[in-house]
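Here the structure is laid out as structure tokens; the discussion comes afterwards.
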Amino acid sequence: MEVTLLGTGDTTGTPTVQCDCNTCERARDPDEKLRARVRERGIDPTGGVERSRFSVAVANGETGESLLIDLSPDFRHQFLRESVPLPDAAIVTHVHFDHLDGLGNAYRLFDELPVHAADETDPVTGESVAEGIRSRYEYLDTVSVHAQTPFEPFTIAGFEVTLVPVTHPPLLCYGLRIEEPQTGAVLSISGDTCYDVPDRSKAVLTGADLALVEGIVHPEACEYHPKGGDHFTDDGVPRTFGTKHMTLPGARDFAEDIDADDYRIVHTAHYVPADRAFADDIGLDGERFTL
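In my numbering, the protein residues as written are 150 to 440.
Okay, here's the thing in structure tokens:
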């Protein structure tokens, strides 16, 4: 299993358009120390250090197939930049635009693209994620939508995949366990979520070779959220920002909770101060892992 982080940012990405904060400026023009650290992670920082909107490509070395997790609005840019093959199938974790709106790129690029998503009806929208994709992209006759039941494994691109509910109010959202059955390699993805993930879901995500764990901001940012923070450590550090995202400490604790051999924090915002935004455990676009 080869995992490529196509997009590791939140809804606006880093650098954010027309933002002159220290983090965005450092991303546009990294100093030599940051450039060297990025090169050590296998990334060419010539054009700066980027976090585009979230997406992950997973290649199956046993079958030659590839799977795409979420379809970023930056789809075209990501695939041109990384030169990974177009996916044989895709999974959508939830219907927020930064995880779904890249699906429009299927027009003229694919003869057929099966897209898999959960079948649970969301009480807010009145439809499941699968139904939401169908209704938004019914004009794409190359796309077929396949509804899947959470906690029931299914096979796609040679992988055994399990969707698990996480906590991202007000909408339903799902994490993923992806296993290559021949080698036993496992990738877990938390999905967009606060720290309070159901125990049953955490059990499915446990024991991965690599975990991609959502962590959007540093804990001090909770002071500026209308709902503050939640799920505090014994030292009073919030693991949840507002109600639907993890803080960086929350993400690190979650990776430890699920006993991942390695992890990267993803879906990270430009609000993280520049001296912390490029820590080695926070994912960067273009990072690759062989499991």
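Backbone N, C-alpha and C fix where the C-beta goes; we use that ideal spot for every residue, glycine too.
(request) Taking only runs that begin and end inside the segment 243-299, name each unbroken beta strand (DSSP E) of 3 or more residues, in chain order. (result) 262-267, 292-297
(message) I'd like to know if the segment 284-300 and the segment 222-234 are in contact, where contact means that at least 3 CB-CB pairs between them fall below 8 Å.
(response) no
(request) Provide the residue(s) that pair with D379 in DSSP beta bridges, ordered along the chain. (result) T389
(request) Give every residue of the same chain whose Cβ lies closer than 7 Å to the Cβ of A176, excluding the five residues on either side of it in the sequence, and list them in chain order. (result) T163, P164, G197, V198, E199
(request) Determine the DSSP secondary structure at Q373, reduced to helix, strand or coil. (result) One point to set straight first is that residue 373 is Tyr, not Gln, in the sequence displayed. Y373 falls in the helix class under three-state DSSP.
(request) Less than 8 Å between the CB atoms is what I'm expecting for S350 and V315, so what's the real figure, rounded? (result) 6 Å
(request) Return the first residue and the last residue of the beta strand (DSSP E) that F303 is part of. (result) 303-305
(request) Take D345 as the anchor and find which of D406, V366, E301, A206 has the nearest alpha-carbon. (result) D406
(request) Grab me the residues of E328's own chain with a C-beta within less than 6 Å of its C-beta, minus the 5 sequence neighbours each way, in chain order. (result) E309, V335
(request) Could you spell out where the beta strand (DSSP E) holding A185 opens and where it closes? (result) Per DSSP, A185 belongs to no beta strand (DSSP E); it is in the alpha helix (DSSP H), 181-189.
(message) Against chain C, with Cβ distances strictly below 9 Å, would K393 count as a contact?
(response) Considering every chain present, this structure includes no chain C. It has just one protein chain.
(request) Taking only the alpha-carbon atoms, compute the straight-line gap between V292 and S201 and give it to the nearest angstrom. (result) 24 Å
(message) Between P299, V187, Q167, which has its C-alpha nearest T270's C-alpha?
(response) P299
(request) Run the CB neighbour count on E280, radius 10 Å, all protein chains shown included, and call it buried at 16 or more, exposed below. (result) buried
(request) List the DSSP bridge partners of S337. (result) R326, A360
(request) In the DSSP assignment, find the unbroken alpha helix (DSSP H) run with L354 in it and report its ends. (result) 348-354
(request) Would you give the residue range spanned by the beta strand (DSSP E) that E199 belongs to? (result) No beta strand (DSSP E) holds E199; DSSP gives it neither H nor E.
(message) For F259, which residues in the same chain have their Cβ closer than 8 Å to its Cβ, ignoring the five residues on either side in sequence?
(response) L235, T291, V292
(request) Answer yes or no: do T161 and C168 have a C-beta to C-beta separation smaller than 9 Å? (result) yes
(request) Assign T172 to one of three DSSP states: helix, strand, or coil. (result) helix
(message) Among the candidates L217, A404, R388, whose CA atom is the shortest distance from the CA of P263?
(response) L217
(message) Whole angstroms are fine: how far does the CA of L397 sit from the CA of T417?
(response) 9 Å
(request) Could you please give the first and the last residue of the uninterrupted beta strand (DSSP E) stretch that includes D411? (result) 411-415
(message) Since L354 and D411 should fall inside the 8 Å C-beta cutoff, what is the C-beta to C-beta distance between them, to a whole number of angstroms?
(response) In fact, because the Cβ distance is near 14 Å, the residues do not count as touching under 8 Å.
(request) Determine the contact status of V415 and V366, defining contact as a CB-CB distance below 9 Å. (result) no
(request) Would you identify the three-state DSSP class for F438, choosing helix, strand or coil? (result) strand
(request) Would you mind sorting A185 into buried or exposed? The rule is 16 or more other CB atoms within 10 Å of its CB. (result) exposed
(request) Give every residue of the same chain whose Cβ lies closer than 7 Å to the Cβ of A370, excluding the five residues on either side of it in the sequence, and list them in chain order. (result) F390, Y420
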